[in-house]
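Residue numbers (this note's numbering), protein chains in the order written: chain A, 8 to 137; chain Y, 337 to 595.
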Amino acid sequence: MSAAAAVERPALGRDLRGLLAELLRLEHVIGGLVVAPDGLVIAADLPSEIDADPLSALAATLGRELELRGPQLRRGTFPMAQFASVSGSAFLGSTPVGFIVLLGEPRADSEIIRTALRRAVGTVFRAWAG
Amino acid sequence: MVFRRIWHRISGRRRRPTSAQMFRRAQHLRDTGRFEAAARLVEEALLRDPRSVVGHLLAAALHMVLRETGEARTSFERVLALEPTQPRALLGLARIAIEEGDAATCRQMLTRALARYPDFPEARALLEVARGLTPAPDSTRAASTNGAVAAARVRLPAESREALFMRADATVIFAEPRGPRTDAVAARAAKLARVATAMLGRAGLGPLRHAIIEGAAETTYLRGDDAALLTLAFDHDVKSAIALEHLEQVWGRCRLELA
Chain A
8 MSAAAAVERP
18 ALGRDLRGLL
28 AELLRLEHVI
38 GGLVVAPDGL
48 VIAADLPSEI
58 DADPLSALAA
68 TLGRELELRG
78 PQLRRGTFPM
88 AQFASVSGSA
98 FLGSTPVGFI
108 VLLGEPRADS
118 EIIRTALRRA
128 VGTVFRAWAG
Chain Y
337 MVFRRIWHRI
347 SGRRRRPTSA
357 QMFRRAQHLR
367 DTGRFEAAAR
377 LVEEALLRDP
387 RSVVGHLLAA
397 ALHMVLRETG
407 EARTSFERVL
417 ALEPTQPRAL
427 LGLARIAIEE
437 GDAATCRQML
447 TRALARYPDF
457 PEARALLEVA
467 RGLTPAPDST
477 RAASTNGAVA
487 AARVRLPAES
497 REALFMRADA
507 TVIFAEPRGP
517 RTDAVAARAA
527 KLARVATAML
537 GRAGLGPLRH
547 AIIEGAAETT
557 YLRGDDAALL
567 TLAFDHDVKS
577 AIALEHLEQV
587 WGRCRLELA
């Protein structure tokens, strides 16, 4: 690869669509999206029956609630959460540019997804916070 | 012809960028993660074009990214001063209101937006949440339960750092330890559960059963249903499987206590 090509290639954490695509390869993850703190969708790959706009508005609201939960969670501290129902789970990770949401089936391995999401959040944080 | 082209090129170089060009450039800066630079450029462009709705909306979005809620509110309000039913500004103010626990203002903003734009799915989704948010619970209700006795009966695990059991309307049944912020923490937990339930519903997954929330200092485990909510906080080194087992056991005893 030439130096110019290397410079042009976006760092992994900045390519949010690419990052989401990587996360969607996890087993039993059925969809996901990246949403800005103002609720606008940055990237989404969801099953056709799920409307991205209302989901993104709620994800951004939930993400902010998580950030504001305690005095220890200020800017620069980025929490992560899993919300489970009997039909599956939503995983949410907070980053400087917004929130990453993954939807998993009930049989999805929560530990594996949380670990992958934690790594992705770290990658975004390193790429965007500099 | 050639002369005219050269003249255009020279005069073009000298011409100041228009505010529209500056907003486009700011958008590009935002997209490449240079939020502070984008915000500065928007501020500069707004000095030239203070009546730009696009500019104020962009400023609000940048403030939201930078988690500057007060400044974002000011920008959204400026948009509404120029365009009273601008849907993004109404939604933005509604989101700030819900963040601050002001459900009434949130509902008012969303109702205004939906009156003008009935097909606004984000506003509709948020309004469903805001409608279910009750005012701060009456603390006399909490006092009617002997919290200390209840906490002893549900046998909290030794590893648990904090425990909070409440009704769905955030009325605290018991808290361990109980402090001056307990009611506020309960209200936030109830709101969090409500937004999470709405999000799960929109994702086709049904109501919230439990949540695992990783914070800076500890991990909080939440269990809930239509009537009540339990949260237990553990150190990060407690394994999820063990914490979830504790959560289920305590939840079972809490529900008996409530019954």
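Backbone N, C-alpha and C define an ideal beta-carbon position, used for all residues, glycine too. Values in this document were obtained by computation on a predicted structure and should not be read as measured data.
Chain A contact residues for residue i, given Cβ-Cβ distances below 9 Å
| i | result |
| --- | --- |
| Y:V401 | A43, P44, D45, P103, V104, G105 |
| Y:R589 | By Cβ distance, chain A contributes nothing, its closest Cβ being about 21 Å from Y:R589, past 9 Å. |
Below-9 Å beta-carbon distance, residue i vs any chain Y residue
| i | result |
| --- | --- |
| A:T68 | yes |
| A:S96 | yes |
| A:R133 | no |
| A:E34 | no |
| A:E29 | no |
| A:L26 | no |
| A:R114 | no |
| A:A12 | Because A:A12 carries a pLDDT of 40, less than 50, the predicted location of this residue cannot be relied on, and no value is offered for it. |
Chain A within 9 Å of residue i, Cβ atoms only
| i | result |
| --- | --- |
| Y:E372 | no |
| Y:E550 | yes |
| Y:E581 | no |
| Y:S576 | yes |
| Y:V288 | No statement about residue 288 of chain Y is possible, as the shown extent of chain Y runs from 337 to 595 and does not include it. |
| Y:E413 | no |
| Y:G542 | yes |
| Y:A395 | no |
| Y:A504 | no |
| Y:V508 | no |
| Y:M535 | yes |
| Y:V465 | yes |
| Y:R431 | yes |
| Y:A408 | yes |
| Y:R351 | no |
Neighbour-count burial assignment, residue i, 16 or more Cβ in a 10 Å radius
| i | result |
| --- | --- |
| Y:D573 | exposed |
| Y:Q357 | exposed |
| A:V14 | Low confidence applies to A:V14: its pLDDT is 39, below 50, so where it sits in the model is not reliable enough to give any reading. |
| A:G95 | buried |
| A:A28 | exposed |
| Y:T368 | exposed |
| Y:R538 | buried |
| A:L65 | buried |
| A:M93 | The residue you asked about is not Met; residue 93 of chain A is Val in the sequence shown. Label assigned to A:V93: exposed. |
| Y:I578 | exposed |
| Y:T518 | buried |
| Y:G406 | exposed |
| Y:S388 | buried |
| Y:A408 | buried |
Cross-chain neighbours of residue i in chain A, by beta carbon under 8 Å
| i | result |
| --- | --- |
| Y:R460 | P61 |
| Y:R605 | An answer regarding residue 605 of chain Y cannot be provided, because it is not within the stretch 337 to 595 covered by chain Y. |
| Y:R524 | E72, L75, R76 |
| Y:L528 | L69, E72, L73, R76 |
| Y:E435 | T68, R71, E72, L75 |
Contact set between residue i and chain A, taken where Cβ atoms lie within less than 7 Å
| i | result |
| --- | --- |
| Y:G428 | D45 |
| Y:P457 | D58, D60, P61 |
| Y:A532 | L69, F90 |
Selected residue, minimal CA-CA separation from residue i, among the options
| i | options | result |
| --- | --- | --- |
| Y:I509 | Y:L398, Y:Y453, Y:W587 | Y:W587 |
| Y:A547 | A:Q89, A:P54, A:L99 | A:Q89 |
| Y:L565 | Y:D455, Y:L528, Y:L393 | Y:L528 |
| Y:Q363 | Y:P353, Y:L377, Y:R352 | Y:L377 |
| A:A51 | A:L73, A:I107, A:S101, A:S94 | A:I107 |
| A:L39 | A:R21, A:V93, A:S63, A:G70 | The residue asked about is misnamed: residue 39 of chain A is Gly in this sequence, not Leu. Comparing Cα-Cα distances from A:G39 to each of A:R21, A:V93, A:S63, A:G70, the minimum goes to A:S63. |
| Y:L558 | Y:S496, Y:E593, Y:E404 | Y:S496 |
| Y:Q444 | Y:D455, Y:L463, Y:G437, Y:E435 | Y:L463 |
| Y:K575 | Y:T556, Y:A525, Y:R591, Y:E593 | Y:T556 |
| Y:G391 | Y:A595, Y:T368, Y:T354 | Y:T354 |
| A:I49 | A:W135, A:L23, A:A91 | A:L23 |
| Y:I432 | Y:A466, Y:V490, Y:F456, Y:P420 | Y:A466 |
| Y:A595 | Y:G406, Y:A563, Y:H582 | Y:A563 |
| Y:A504 | Y:A511, Y:E458, Y:D438, Y:A525 | Y:A525 |
| A:L31 | A:D60, A:G129, A:L110, A:E118 | A:L110 |
| A:A91 | A:E72, A:A59, A:V104, A:R121 | A:R121 |
| A:A59 | A:G46, A:R133, A:G25, A:V104 | A:G46 |
| A:S101 | A:I37, A:F132, A:L33 | A:F132 |
| A:T68 | Y:A459, Y:L393, Y:L394 | Y:A459 |
Under 7 Å from the C-beta of residue i: neighbouring residues of chain Y
| i | result |
| --- | --- |
| A:R21 | G369 |
Check: residue i C-beta below 8 Å from any heavy atom of the ligand ZN
| i | result |
| --- | --- |
| Y:D367 | What this structure holds is no ligand at all, so the ligand ZN is not there to describe. |
9 Å Cβ cut-off: residues of chain Y touching residue i
| i | result |
| --- | --- |
| A:V128 | Residues of chain Y passing the Cβ test: none, with the nearest at roughly 10 Å. |
| A:V93 | L541, G542, P543, R545 |
Chain Y residues whose Cβ lies nearer than 8 Å to that of residue i
| i | result |
| --- | --- |
| A:L110 | A539, L541 |
Exercise for the section: Kindly provide the ranges of any beta strand (DSSP E) runs that are 3 or more residues long and lie completely inside the region 25-70 of chain A, ordered along the chain. Expected result: 36-42, 48-52
Practice task
Output the residue ranges of the beta strand (DSSP E) runs that lie fully inside the region 499-561 of chain Y and measure 3 residues or longer, sorted by chain position.
Solution key: 508-512, 546-550, 555-560
Exercise for the section: Could you name each continuous beta strand (DSSP E) segment of 3 residues or more that falls completely within the region 102-137 of chain A, going from the start of the chain to the end? Expected result: 105-111
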